[in-house]
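Protein sequence lines, in the order shown, are assigned to chains A and B. To convert, note that position 117 of the first sequence is 117 in full-length UniProt numbering; the numbers rise steadily by one, no gaps. To convert, note that position 117 of the second sequence is 117 in full-length UniProt numbering; the numbers rise steadily by one, no gaps. Glycine residues also receive a C-beta, built at the ideal position from the N, C-alpha and C atoms. Every value quoted in this text rests on a predicted model; they were computed, and no experiment measured them. Working notes, structure below.
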Amino acid sequence: MRVRTDDEVYRVDAVWLGPPKATFPWRARYVAWGVGIVVFLLVTAIQRQLGFGFDFITTGWGFVATIFLTRVICSRISHERPLSSVTAMWVRELTAPRETTSGRGGAASAARIRVNAQRPRKRHKKAAKRASAAGRSQHRGQQDRRQKEVRGVRTPA
Amino acid sequence: MFGRRRDRDRRSAAHVAQHAAAARDDRKVYSKRGRRLPGEQSVPSYTPSIAARSIDGHLLRTGQEVYAWYRLAPQRWSFRSDSQRQDLIAAIAGQYAELQGRWMHLRVTNRPYPIRMWAEAHVHNAVRRLPDTPGTLSFDDYMVGEQQQLMGRSMAEKEVYLGVQVQTRNMMDRAVERAAPVLRKVFPDAVDAELVAIESEIDHLDQVIGSAGLEGRPATAEEMSWLMHRSCSLGLPAPRNLPAVPGAPWEPEDLASFTDAADFHQEPYSPTVTVRGRTGSNAGIKRHVAVLTVGLMHGLQIPEQDDPWVQRSDRLPAAVEWSARIYVRRPEEVSGELQRQMSKVRSQVRHYTDEHELDPPQSLARQASRVLEIDDEMTSGFTALGTRVRSWWRLAVSGPTEREALRLAQGLLDLYKPKVAIEHPEAQYAIAREFIPGEPLSSSAYLRRGSVLWAASAVPTATAEVGDRRGILLGETVTATRRPVAWDPWMAQELRDSSGLTAMVAGLGAGKSFLGGGIVYKTLRAGAHWTLLDPSGPLAALCELPELKPYARPINLLNAQAGILNPYRVVAEPQLDHFVDEEDPERAWRRERALAAATRRRLVLDVLSGLLPFEVARLPQTRIVLLRAVRTVGGRPDAHPGMVFEALRRDSSEHHEHAVVVADFLDEMRERMSLLIPEQDADPYNEVRDDRLTVLTMAGLNLPKDGVGREHWTDAEALGVEMLNLAAWLTQRSIYERPKDLRKGVWIDEAFFLSEVPTGRVLMNRFARDSRKWNVRVLLSSQIPADFLKIQGFVTLLDSVFVGRLDDDQAQADALRLLKVPIGAGYEQVVASLGRRPGGVRTNLERDRAPRQFIFGDGAGGVERIRIDFSGPHLEHLRNALDTTPDALRDGAEPTDVEVSSPPQDPFAYAEQYTDEYDDELAADLEVGLTDELVDSAHGEGGNRRTGREGRA
Numbered sequence: 001m002r003v004r005t006d007d008e009v010y011r012v013d014a015v016w017l018g019p020p021k022a023t024f025p026w027r028a029r030y031v032a033w034g035v036g037i038v039v040f041l042l043v044t045a046i047q048r049q050l051g052f053g054f055d056f057i058t059t060g061w062g063f064v065a066t067i068f069l070t071r072v073i074c075s076r077i078s079h080e081r082p083l084s085s086v087t088a089m090w091v092r093e094l095t096a097p098r099e100t101t102s103g104r105g106g107a108a109s110a111a112r113i114r115v116n117a118q119r120p121r122k123r124h125k126k127a128a129k130r131a132s133a134a135g136r137s138q139h140r141g142q143q144d145r146r147q148k149e150v151r152g153v154r155t156p157a
Numbered sequence: 001m002f003g004r005r006r007d008r009d010r011r012s013a014a015h016v017a018q019h020a021a022a023a024r025d026d027r028k029v030y031s032k033r034g035r036r037l038p039g040e041q042s043v044p045s046y047t048p049s050i051a052a053r054s055i056d057g058h059l060l061r062t063g064q065e066v067y068a069w070y071r072l073a074p075q076r077w078s079f080r081s082d083s084q085r086q087d088l089i090a091a092i093a094g095q096y097a098e099l100q101g102r103w104m105h106l107r108v109t110n111r112p113y114p115i116r117m118w119a120e121a122h123v124h125n126a127v128r129r130l131p132d133t134p135g136t137l138s139f140d141d142y143m144v145g146e147q148q149q150l151m152g153r154s155m156a157e158k159e160v161y162l163g164v165q166v167q168t169r170n171m172m173d174r175a176v177e178r179a180a181p182v183l184r185k186v187f188p189d190a191v192d193a194e195l196v197a198i199e200s201e202i203d204h205l206d207q208v209i210g211s212a213g214l215e216g217r218p219a220t221a222e223e224m225s226w227l228m229h230r231s232c233s234l235g236l237p238a239p240r241n242l243p244a245v246p247g248a249p250w251e252p253e254d255l256a257s258f259t260d261a262a263d264f265h266q267e268p269y270s271p272t273v274t275v276r277g278r279t280g281s282n283a284g285i286k287r288h289v290a291v292l293t294v295g296l297m298h299g300l301q302i303p304e305q306d307d308p309w310v311q312r313s314d315r316l317p318a319a320v321e322w323s324a325r326i327y328v329r330r331p332e333e334v335s336g337e338l339q340r341q342m343s344k345v346r347s348q349v350r351h352y353t354d355e356h357e358l359d360p361p362q363s364l365a366r367q368a369s370r371v372l373e374i375d376d377e378m379t380s381g382f383t384a385l386g387t388r389v390r391s392w393w394r395l396a397v398s399g400p401t402e403r404e405a406l407r408l409a410q411g412l413l414d415l416y417k418p419k420v421a422i423e424h425p426e427a428q429y430a431i432a433r434e435f436i437p438g439e440p441l442s443s444s445a446y447l448r449r450g451s452v453l454w455a456a457s458a459v460p461t462a463t464a465e466v467g468d469r470r471g472i473l474l475g476e477t478v479t480a481t482r483r484p485v486a487w488d489p490w491m492a493q494e495l496r497d498s499s500g501l502t503a504m505v506a507g508l509g510a511g512k513s514f515l516g517g518g519i520v521y522k523t524l525r526a527g528a529h530w531t532l533l534d535p536s537g538p539l540a541a542l543c544e545l546p547e548l549k550p551y552a553r554p555i556n557l558l559n560a561q562a563g564i565l566n567p568y569r570v571v572a573e574p575q576l577d578h579f580v581d582e583e584d585p586e587r588a589w590r591r592e593r594a595l596a597a598a599t600r601r602r603l604v605l606d607v608l609s610g611l612l613p614f615e616v617a618r619l620p621q622t623r624i625v626l627l628r629a630v631r632t633v634g635g636r637p638d639a640h641p642g643m644v645f646e647a648l649r650r651d652s653s654e655h656h657e658h659a660v661v662v663a664d665f666l667d668e669m670r671e672r673m674s675l676l677i678p679e680q681d682a683d684p685y686n687e688v689r690d691d692r693l694t695v696l697t698m699a700g701l702n703l704p705k706d707g708v709g710r711e712h713w714t715d716a717e718a719l720g721v722e723m724l725n726l727a728a729w730l731t732q733r734s735i736y737e738r739p740k741d742l743r744k745g746v747w748i749d750e751a752f753f754l755s756e757v758p759t760g761r762v763l764m765n766r767f768a769r770d771s772r773k774w775n776v777r778v779l780l781s782s783q784i785p786a787d788f789l790k791i792q793g794f795v796t797l798l799d800s801v802f803v804g805r806l807d808d809d810q811a812q813a814d815a816l817r818l819l820k821v822p823i824g825a826g827y828e829q830v831v832a833s834l835g836r837r838p839g840g841v842r843t844n845l846e847r848d849r850a851p852r853q854f855i856f857g858d859g860a861g862g863v864e865r866i867r868i869d870f871s872g873p874h875l876e877h878l879r880n881a882l883d884t885t886p887d888a889l890r891d892g893a894e895p896t897d898v899e900v901s902s903p904p905q906d907p908f909a910y911a912e913q914y915t916d917e918y919d920d921e922l923a924a925d926l927e928v929g930l931t932d933e934l935v936d937s938a939h940g941e942g943g944n945r946r947t948g949r950e951g952r953a
């Protein structure tokens, strides 16, 4: 049993040879004409933007550039890879995820967590007075250190 | 992860999923009040990075559609006739055609050969296995060696899944799904309404996919999990342990377990996509995956010349993943498109000819005729085989480095050359995602259009399946697919209720002894008992293997005690306790005894007439007098042929003179028949030994050459054949000495004589009948398949077959007949080419040590070409023992003395009085064909009419 695909039917090379009785010396597919027109408009627009005038020489070079670009584009597309798919694949190439070399997260650090050896307790008035008289300066120093910890700077033990 | 994560949250998706799952559980517990716990924070929502949203049973839902997934059954392909293959393709095409207007997603993935499962099953199955002998290869070491052998080959089993679009989902369905957590409390029916509504459609699909052809069954939860894992971790090694499969449906958050297992990334326009494993056994493992696609395709001749085109990729020595998107088109849609194409062609032709007066290209004419052809295919006939499909076929191969992946990709390209073009497109990442169930098609490039028949001729399910999953390892298949072949010789009797007969046919040096010896060795280790009849004797070397030696006994029958081949004793006497499970044990036992007696008489008759010169034996009166004498002696087990000689001399009928002549002839040969006639008071048959392996050899026996007719045999050759026949009966006797359920094996080498002697068929029938009841595997090997075919009804009795290389055309055809494989379909060449060395090495001085190949028919429908492989360091001593090729340079090439059995001398006591019932006797006579003999003889047509005497014309 001979099995084959129907692909041949869909591979009709639709070419435009030129106006009747005036055959062009080249054969280009309709799609190439379409691409060519768009490319020509773009090339002309770019020329205008760059400040070239609309004269014979510039337009001639525009034509040359158009033919070159159209040939490049048409060599990338075929019945297998229509223009739309090639464009879609190009977009997909651009949006594909890349390898992430910089790590996110990393080792967990508890440096930002304040740690006190003692929990604050209710103080008796007498004891509080004695404590404040005895070590006011030391207490202040401790407070300073705590503030540094908050900023994540390691303090000497 | 897959680059499309919507919640670019700081936390990892797994973390989120975990929270979500935990929160859901909490909600379930406290849902009575329907309120949040005090202090509970709101859980961030999670959206899977793949299109799939939930999996319920075999239904996979994405945002837009519902797919039903099926696991397709493997289909046998090799050694089937072309018409059978065409039928298969047509059946699949018919099933595709019924799915008009639907998308299908075909996925071919693989699962590593379950080595651990095999080992488990094999050890579990090895009941009463051989005790280990100290200092030799223990069973555990043997099993380790076998598993290492398997592991070294990294073989994978193909699994084919098919997803069929059930319906597209509308906005309402999606809204309901989104609101499910709330809705489930208020109006639970609404949540399930979507799936309930499509129930009948799913039933219809189940039925379409389940019918012959695809034979798909709804994928189980475990299979869905496997498929999702393999697709989301495309190209990575198979995970060693999968997370437990939940009993409940998979919710979106659960899908994170698939998507987090690996992530994909690629550089712009790089030829491969990189897949990096993140969890489980694949954590930190990186693979480069090259994704290819099927390009233009020439016409293929399937099944005549070409393999099914998807199956072809199995030839690559690496696993190939396939993903195909197929849309089955409606006819009206296609016909409109065809018309457009036709008008395009016409306008082009007009443009060339009318407007420019140029000759149009030939391709336009061809395209026009093809359009008409397709149109005709679609409109003619009542079958829907002209239905058209649009499809995209992608393949993926992976390797640890980019270079390796590209090398495999190049291998695939070469494999499909020149008829199918395999393309390597850009956008590797996007195309790799297509392999994940539920993902949309990434690019419309490389669209393949064709009929359903074309799509069906891909036959991805075609595989090489032979053997089972618990038996001994024989080797691997060598057709398109490479799979290990395991075979349990007792599975047929224990599970399938079929006979235990196996034919092994191969020419000289094709590896019969090697294969048989390997089977015997491996099954012995697994607990079987074997009796081997090896006339030439090399298999006695098996008894010398250190681990078998304590349990093995080689017996050279030619040196054995007189009377060991007494035809009255080689037929076992039935024991009453073997019939206790019958309806009427007493009666069954008596019937069986009558049958045994008749068999003995028949055997004696055959043996004696076989020993007579051919001219004497063919005379009708010879048979008459012999038959009468045999009848007079009866069928007692304690009789012997000497009694028949006396009975002949006492013959008082009208043939008295002839009887005396016959008796004289036989008496003359008496001394050469010493093995048949026991000495007075010396019977070798009451020794009971529990040997696991008994090898009966008959080294030095004179046997006729192949193709020499019976009439040209010398006396010695005739005696040789008869003794071989008796020895075969002796092996058969060994069956009945052991318990019924015990796994027993009998291997008769040089079994050609079965067709030469009339009792051969009786023996075959007994083997076929009792092999199932008594759990026996009977291996019969011969060099000429015609020997077996001559025995009437042999092929129907046969369970499994091994066919090795045969050079003769007729022998090849006969071998295929044994295999029940179509003849004349080109398989003869396969038989001829089994294990043949390539032409250039023919003059090589080295010995051909390449593994021998066989075609193995396992009796359960599988027929495959296999390579026998008993390699591995743990089996080296076995290979050396089985090396039957002569080698003058080999060390110690001296003849080894074969042990001679020395049975005790005390006489065999046959206690019970022999009684005979007339009916049973007659029935028994009829069964072994004794009465036919009498009638034939009485009409003077002689014994030479029987097929057994016709020689090998």
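Other residues of its chain near residue i: CB distance less than 7 Å, five sequence neighbours each side excluded
i: PHE645/B; result: ALA663, LEU666, ASP667
i: ASP741/B; result: ASN775
i: ILE374/B; result: LEU338
i: PRO460/B; result: LEU106, VAL108, VAL160, VAL310, GLN311, TRP322
i: GLU215/B; result: LEU72, ALA73
Residues of its chain near residue i, where Cβ-Cβ distance is below 6 Å and the 5 sequence neighbours each way are ignored
i: ASP306/B; result: LEU300
i: MET698/B; result: PRO535, LEU557, LEU558
i: VAL3/A; result: none
Environment of residue i [buried if 16+ CB atoms lie within 10 Å]
i: VAL35/A; result: buried
i: ARG496/B; result: exposed
i: ALA17/B; result: Bear in mind that the predicted position of ALA17/B carries a pLDDT of just 43, short of 50, making it too unreliable to give a figure here.
i: MET171/B; result: exposed
i: GLY438/B; result: buried
i: residue 954/B; result: Because chain B in this structure spans residues 1 to 953, residue 954/B falls outside the shown range and cannot be described.
Contact set for residue i: own chain, Cβ-Cβ below 8 Å, skip 5 residues either direction
i: GLU412/B; result: Before going further, note that residue 412/B is Leu rather than Glu in the sequence given. Within the same chain, LEU412/B has close Cβ partners LEU292, SER313, LEU316, VAL320, LEU395, VAL397, ILE422.
i: GLU304/B; result: ASP82
i: ALA825/B; result: SER81, ASP82
i: PRO418/B; result: HIS298
Opposing strand residues paired with residue i [DSSP bridges]
i: SER84/A; result: Paired residues: none, contrary to the question.
i: ARG153/B; result: Looking at the DSSP assignment, ARG153/B forms no beta bridge with any residue, so it has no partner.
message = Residues of the region 9 to 25 of chain A in Cβ contact with chain B at a cutoff of 9 Å, in chain order, please.
response = VAL9, TYR10, ARG11, VAL12, ASP13, ALA14, VAL15, TRP16, LEU17, GLY18, PRO19, PRO20, LYS21, ALA22, THR23
Completely contained beta strand (DSSP E) runs for the region 277 to 303 of chain B, where each covers 3 or more residues = 286 to 297
query = Just by C-beta distance, which residues in the region 300 to 319 of chain B are closer than 8 Å to chain A?
reply = LEU300, GLN301, ILE302, PRO303, GLU304
ask   = Name the residues in the region 81 to 102 of chain A whose C-beta lies less than 9 Å from a C-beta of chain B; which are they?
value = ARG81, PRO82, SER84, SER85, VAL86, ALA88, MET89, TRP90, VAL91, ARG92, GLU93, LEU94, THR95, ALA96, PRO97, ARG98, GLU99, THR100
message = Suppose only complete runs of 4+ residues qualify. What are the alpha helix (DSSP H) ranges in the region 611 to 635 of chain B, listed by chain order?
response = 614 to 617, 620 to 633
ask   = Where in the region 680 to 765 of chain B do unbroken runs of the beta strand (DSSP E), each at least 3 residues long, occur, reported from the N-terminal end onward?
value = 693 to 697, 744 to 748
message = Any C-beta of chain B within less than 8 Å: which residues of the region 26 to 38 of chain A qualify?
response = none
task = Report the residues of the region 426 to 437 of chain B with a CB closer than 9 Å to any CB of chain A, ordered along the chain.
result = GLU426, ALA427, GLN428, TYR429, ALA430, ILE431
query = Name the residues in the region 378 to 397 of chain B whose C-beta lies less than 8 Å from a C-beta of chain A; which are they?
reply = ARG388
task = Report the residues of the region 256 to 267 of chain B with a CB closer than 8 Å to any CB of chain A, ordered along the chain.
result = ASP263, PHE264, HIS265, GLN266, GLU267
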